[in-house]
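Peer 1: Structure in structure tokens, see below.
In mature numbering (1 follows the signal peptide of the UniProt record, and there is no 0), the protein residues as written are -23 to -1, 1 to 397.
And the structure:
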């Protein structure tokens, strides 16, 4: 990789420093640029796109590496990098009420915490969160919060869980209280042929990428919108689907998408929505039972139970509502001296401290619990190890000097254990 980088570096400097380089039959040869400020960043003016490189003085020579750009997989409105923005392509952002938002950003209405906005590849999705409280006496939402909470959680605090019957309903446990929210999926800029539904996920995702050309300034095209395979002029309103109404405003598609509520009636009683009706509904004249039956057991309304370490259920208006805990991604390894373990009765694996071993050998040498190595030839009584709290055990050693000042040996080992 270093050779390739140097060749790229040489080719960039070729026209600027003709006296430094010469051509031979099999390629281009060059002299590496020297430097004296070891470890510091070097500004190489001869590279025309220097913003795309980081050059460091290393071992007396300048080494340049291309900057890494963020992954733009799934962006179908990919803009070419401008000189002022650096060297990376960016996914088109959104302009909403005169404020620019980066693609992937999310914000709420300051006057209504239940109204949320998302920006994805030049498309703003506005929707209302639907709250779900599977308990008899929920706690009202606090200031700046949207949804009420239910006391008691059956999964780890801070973790999320999804409803088995509706993967768009997300529940979170925080400080012993459960909050469940259903959100609408954001409107995607890619055509439907590039949308992918992954198992267990609520919303589809765009696959692949699509570049868009910069539009001419002061023209009708500069303020137009592209959504999927459709083209819309600024100010134009259009119906995307039965749940979504959109309009084009200065190259940003602004869409209002309805969020369907969580239904309490059994699946066989659900009334599906029609061509002009977004959400399914439950019949209003049906009296719902006050208990649930699961695996031959009867649970009263509001009663909860665990199916396994990852799945828990609650009886809500005659229907068992079961949620599955979502384990955090473990893409990064555990910190040093820790290991990934799934404890008995736990749903998700977690990093816990590895077993430590303290070793004493030689005249004498020590390898500590954290793997560090020491040599110590003191000739006295020393505490080798002990528990940090409680004083349940300790190990003490007595070293003898062997009639020399340069080495010693462990003469006695005393182990003290206190039993409760």
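C-beta: ideal position from N, C-alpha, C; glycine also.
Note that the coordinates shown come from a computational prediction; the quantities given were computed from them, not determined experimentally.
Which class does residue 332 belong to by DSSP, given the choice of helix, strand or coil?
Peer 2: Here residue 332 is taken as the residue at index 355 of the chain shown, counted from 1. Coil at residue 332, not helix or strand.
Peer 1: Please state whether DSSP places residue 28 in a helix, a strand or coil.
Peer 2: Against the chain shown, residue 28 aligns to sequence position 51. It is helical.
Peer 1: In angstroms, rounded to a whole number, what distance separates the CA positions of residue 47 and residue 130?
Peer 2: Working through the chain shown from its first residue, we reach residue 47 at position 70. Working through the chain shown from its first residue, we reach residue 130 at position 153. Taking the straight line joining both Cα atoms gives about 37 Å.
Peer 1: Roughly how many angstroms separate the alpha carbons of residue 208 and residue 124, rounded to a whole number?
Peer 2: Position 231 of the chain shown, counted from the first residue, corresponds to residue 208. Position 147 of the chain shown, counted from the first residue, corresponds to residue 124. Answer to the nearest angstrom: the Cα atoms are 38 Å apart.
Peer 1: For residue 344 and residue 155, what's the separation of their Cα atoms in angstroms?
Peer 2: Within the chain shown, residue 344 is the residue found at index 367, counting from 1. Within the chain shown, residue 155 is the residue found at index 178, counting from 1. About 47 Å.
Peer 1: Note down the Cα distance separating residue 105 from residue 95, rounded to an integer number of angstroms.
Peer 2: Against the chain shown, residue 105 aligns to sequence position 128. Against the chain shown, residue 95 aligns to sequence position 118. The alpha-carbon atoms of residue 105 and residue 95 are separated by roughly 12 Å.
Peer 1: One question on the structure: do residue 398 and residue 232 come within less than 8 Å of each other, judged by their Cβ atoms?
Peer 2: The chain is shown only over -23 to 397; residue 398 falls outside these bounds and no answer can be derived.
Peer 1: In angstroms with no decimal places, state the Cα-to-Cα distance between residue 401 and residue 310.
Peer 2: No statement about residue 401 is possible, as the shown extent of the chain runs from -23 to 397 and does not include it.
Peer 1: Would you identify the three-state DSSP class for residue 86, choosing helix, strand or coil?
Peer 2: Position 109 of the chain shown holds residue 86. Reduced to three states, the DSSP call for residue 86 is strand.
Peer 1: By alpha-carbon positions, which one of 110, 113, 76 and 121 ends up nearest to residue 88?
Peer 2: In the chain shown, counting from the first residue as 1, residue 88 sits at position 111. Ranking the options by Cα distance to residue 88, first place goes to 121.
Peer 1: With three or more C-beta pairs closer than 8 Å as the rule, is the region 314 to 330 touching the region 160 to 167?
Peer 2: No, because fewer than three Cβ pairs between the region 160 to 167 and the region 314 to 330 fall closer than 8 Å, the two stretches do not touch.
Peer 1: Under three-state DSSP, which class holds residue 224?
Peer 2: Stepping through the chain shown from its first residue, residue 224 is reached at position 247. Residue state, collapsed to three classes: strand.
Peer 1: When you compare the CB positions of residue 153 and residue 117, do they come within less than 8 Å of one another, or not?
Peer 2: As a working mapping, residue 153 is identified with position 176 in the chain shown. As a working mapping, residue 117 is identified with position 140 in the chain shown. No, Cβ-Cβ distance for residue 153 and residue 117 is not below 8 Å.
Peer 1: In whole angstroms, what is the alpha-carbon distance linking residue 2 and residue 187?
Peer 2: As a working mapping, residue 2 is identified with position 25 in the chain shown. As a working mapping, residue 187 is identified with position 210 in the chain shown. Below a pLDDT of 50, predicted positions are generally treated as unreliable, and residue 2, at 47, falls in that range; no measurement from the model is reported.
Peer 1: For the beta strand (DSSP E) containing residue 282, name the first residue and the last one.
Peer 2: Against the chain shown, residue 282 aligns to sequence position 305. Looking at the DSSP string, the run of the beta strand (DSSP E) that includes residue 282 is 281 to 285.
Peer 1: Does the Cβ of residue 76 have 16 or more other Cβ atoms within 10 Å, making it buried, or fewer, making it exposed?
Peer 2: In the chain shown, counting from the first residue as 1, residue 76 sits at position 99. So residue 76 counts as exposed.
Peer 1: Compare the C-alpha of residue 182 against each of 49, 385, 293 and 372 and name the closest.
Peer 2: In the chain shown, residue 182 corresponds to position 205, counting from 1. When only C-alpha atoms are compared, the closest one is 49.
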